[in-house]
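**Student:** Residue numbering for the sequence shown follows the numbering used here, starting at 25 and increasing by one per position.
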Amino acid sequence: MSKIVGIRFKPQGKIYDFDVGHFVLSPGFDVILETDKGLAFGTVVTAPRAVGDRKGKRPLKKVYRLANDEDLKQRAKHLEQEESAYVYCMECIKQFGLKMNLVSAESLFDGSKLTFFYTADGRVDFRELVKKLVKKYRKRIEMRQIGVRNRAKMCGGVGRCGNELCCCTFINNFHPVSVRMAKEQGLSLNPGKISGLCGRLMCCLAFEYDTYCNLRDKFPKCGKMIQTKVGKGKVIRHNVLKESVTVKLEEGQETDVSLSDIMEK
């Protein structure tokens, strides 16, 4: 039975599945891969595993061979060129006064193409910029606009929790995050407290959202009158993790009541 392995082309990039073929691979191995754009350099990040049912799916590309010393030298050369190309492109952007933020530069493994990733609020006329880059490097140039979340993923950083950004460590695909998720978890709706480095709502707001929704199903709604062991009162707050509610009694004082202490009306 054939096996597949997870490959990353960039340190914080998405993980892609490839057919192992006859190679014996482990996480950390550098390999050369077949892609739609030709041969590419990647690193194994997940152990080989058996192929599941892929009926109707596109056939997987294969691991072409293990990377050798020449491949590593070529990769190092491209990394140096990417750094210099980034600096040169930044100078050109300032020269032309373009309203765009350059994020990174990336070279194909065969060196035939340079891709520049950038963010911008709208469309940017970079035709003169591309002409200058082509004249400088004598290869194909692509300008690719990305979102602010992808920019944070590519640049990296530390979140307000003190850990490395989730998008840099384990998030492969971005999913919608809404203010409702923060509200459901009883968090402050201050944008400065629930926004990440990218300026968008933090991805981690979605991690426990379903759990909070399931737990809240057991709670009486806020504003409902309930009977407790200490008297009758109105529910004014939920404490989901403690499985308790704050009740304002008819006498006027507030008290925390466990869900198990709530009695029928």
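All residues carry an ideal CB built from backbone N, CA and C; glycine is no exception. As the structure is a computational prediction, the values presented were derived from the model and not from experiment.
What's the C-alpha gap between ASP241 and ILE286?
**Tutor:** So the alpha carbons of these two residues sit roughly 15 Å apart.
**Student:** What distance in whole Å lies between the Cβ atoms of GLY45 and LEU57, which are believed to be in contact at a cut-off of 8 Å?
**Tutor:** 11 Å between Cβ atoms; not a contact.
**Student:** Check whether the Cβ atoms of ILE195 and ALA206 sit closer than 8 Å, and answer yes or no.
**Tutor:** Contact flag unset, no.
**Student:** Rounded to a whole number of angstroms, what is the C-alpha to C-alpha distance between LYS34 and ARG184?
**Tutor:** If I take the Cα positions, the gap works out to 25 Å.
**Student:** Less than 8 Å between the C-beta atoms of VAL127 and CYS179, yes or no?
**Tutor:** The answer is yes: Cβ separation under 8 Å.
**Student:** Per DSSP, ALA129 is paired with what?
**Tutor:** PHE140.
**Student:** How is the alpha helix (DSSP H) around GLN98 delimited, first residue to last?
**Tutor:** Start and end: 93-120.
**Student:** Classify CYS246: buried if its beta carbon has 16 or more other beta carbons within 10 angstroms, exposed otherwise.
**Tutor:** The residue in question, CYS246, is exposed, as its Cβ has fewer than 16 Cβ neighbours within 10 Å.
**Student:** Quick one: give me the first and last residue of the alpha helix (DSSP H) that GLU208 is part of.
**Tutor:** Run containing GLU208: 203-208, per the alpha helix (DSSP H) assignment.
**Student:** Expressed to the nearest angstrom, what Euclidean distance is found between the alpha-carbon atoms of THR70 and ALA109?
**Tutor:** Cα to Cα, THR70 sits roughly 32 Å from ALA109.
**Student:** Would you tell me roughly how many angstroms separate the C-alpha atoms of ILE170 and VAL111, rounded to the nearest one?
**Tutor:** Answer to the nearest angstrom: the Cα atoms are 19 Å apart.
**Student:** Count the other C-beta atoms from every protein chain shown that fall within 10 angstroms of the C-beta of ALA91, then say buried if there are 16 or more, exposed otherwise.
**Tutor:** Buried, by the Cβ-count rule.
**Student:** Measuring only the C-alpha atoms, how far is HIS102 from ASP149?
**Tutor:** Each residue's Cα considered, the two are about 27 Å apart.
**Student:** Identify every residue that forms a DSSP beta bridge with GLN169.
**Tutor:** For GLN169, which the question treats as bridged, DSSP gives the partners TYR142.
**Student:** Report buried or exposed for ARG162, applying the criterion of at least 16 other Cβ atoms within 10 angstroms of its Cβ.
**Tutor:** Exposed, by the Cβ-count rule.
**Student:** Out of ASN214, GLY30, VAL264, LYS253, state which residue places its alpha-carbon closest to the alpha-carbon of ASN238.
**Tutor:** Of the listed residues, the one whose Cα sits closest to ASN238 is VAL264.
**Student:** Grab me the residues of ARG99's own chain with a C-beta within less than 6 Å of its C-beta, minus the 5 sequence neighbours each way, in chain order.
**Tutor:** The residues are PHE65.
**Student:** Going by Cα to Cα distance, which pick from ARG261, SER284, LYS266 is closest to LEU273?
**Tutor:** Minimum Cα distance to LEU273 is reached at ARG261.
**Student:** What residue range is occupied by the uninterrupted alpha helix (DSSP H) comprising ARG240?
**Tutor:** That run of the alpha helix (DSSP H) goes 233-240.
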